[in-house]
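Here's the structure, in structure tokens; my notes come after.
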Amino acid sequence: LIGEIRRVIGFAQLGITQAVGQSVSTFDMFVGDRGAIWFKTLRDDVITLSNAPMATHTQIVRLGTLKDGTNIYHVPTSTGLLGETNTSAQAMLVARSSEAAKAPFVGFMAVPPMIRTANPSEFTEQVGVYSRTAAELNPLERYGDQIAVISMTNLPQL
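If you're matching positions, the sequence shown starts at 763 in the numbering used here and goes up one per residue.
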């Protein structure tokens, strides 16, 4: 089964690289709950696992790295990003470009940094900083289309 998954991942990586017209520095794959459990049970010669626990409802956690350098991340199924059934799961493969302008997602400052100081007593100064960033799909279609959704079917039931 892992051989078939590797083959599909390889074709997806090739398709993304050819669509962009340049090499990509690395790839990240996001999987739901079933996919995360499946990847965590693979042999050590296929994946190098991190020591991170599984993600909770508001987290995305890096599970490990496949031997080809693809990073595997767990996105809880409760987020609704990836579909899963008893014997199938979806995975989202995203290219990571070495140049920010050519990345599939581009970030921007939603709220610029604000710094507030306070002097509650003599010889004491408190500083607070607030900022918020956001990201959106790259508006340049050539670079915004560096994502592949992979359907894994006939997975063993848990």
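Where a beta carbon is used, it is the ideal one built from N, C-alpha and C, also for glycine.
Buried or exposed for residue i, please, with buried defined as at least 16 other CB atoms from any protein chain shown within 10 angstroms of its CB.
i, result
"Pro866", "buried"
"Met876", "exposed"
"Asn916", "exposed"
"Leu902", "exposed"
"Gly772", "exposed"
"Arg796", "buried"
"Ala863", "exposed"
The beta strand (DSSP E) with residue i in it runs from where to where?
i, result
"Phe773", "Per DSSP, Phe773 belongs to no beta strand (DSSP E); it is in the alpha helix (DSSP H), Ile764 to Val782."
"Gly794", "Note, Gly794: premise wrong, no beta strand (DSSP E); not H, not E."
"Asn916", "Neither: Asn916 is in no beta strand (DSSP E) and is coded neither H nor E."
"Ser893", "Gln888 to Leu899"
"His836", "Asn833 to His836"
So what's residue i in DSSP terms, helix, strand or just coil?
i, result
"Ile877", "strand"
"Gly869", "strand"
"Thr847", "coil"
"Gly906", "helix"
"Ala814", "coil"
"Lys788", "It is Thr, not Lys, that sits at residue 788 in the sequence shown. Strand."
Which whole-angstrom value describes the C-beta separation of residue i and residue j, a residue pair presumed to lie in contact below a C-beta threshold of 8 Å?
i, j, result
"Thr839", "Met871", "Not really, about 31 Å apart at Cβ, beyond 8 Å."
"Val793", "Leu844", "7 Å"
"Val782", "Arg858", "Contact flag wrong, Cβ pair sits at about 12 Å."
"Gly826", "Ile799", "With 8 Å as the limit, Gly826 and Ile799 do not qualify as a contact, their Cβ atoms being about 13 Å apart."
"Gln919", "Thr849", "6 Å"
"Ala897", "Val868", "7 Å"
Just to confirm my understanding: we take residue i, look at its own chain, exclude 5 residues before and 5 after, and list those with CB closer than 7 Å. What are they?
i, result
"Ala910", "Ala774, Gly777, Ile778 and Leu855"
"Ile764", "Leu804 and Val808"
"Asn900", "Ala865, Pro866, Phe867, Val868 and Gly906"
"Glu887", "Thr879 and Asn881"
Starting from residue i, follow the alpha helix (DSSP H) in both directions and report where the run begins and ends.
i, result
"Arg805", "That residue, Arg805, is in no alpha helix (DSSP H); it is neither H nor E in DSSP."
"Gly826", "It is not in any alpha helix (DSSP H) - Gly826 instead sits in the beta strand (DSSP E) that spans Val823 to Leu828."
Please go through the same chain and pick out, in chain order, the residues whose beta-carbon is closer than 6 Å to the beta-carbon of residue i, but skip the five residues on each side of it.
i, result
"Met791", "Thr832, Ile834, Ala853 and Leu855"
"Val823", "Ala814, Ala817 and His836"
"Val889", "Thr879"
"Ser860", "Ser787"
When every heavy atom of the ligand GTP is checked, does at least one fall within less than 7 Å of the C-beta of residue i?
i, result
"Arg796", "No copy of the ligand GTP appears in this structure; indeed no ligand is present at all."
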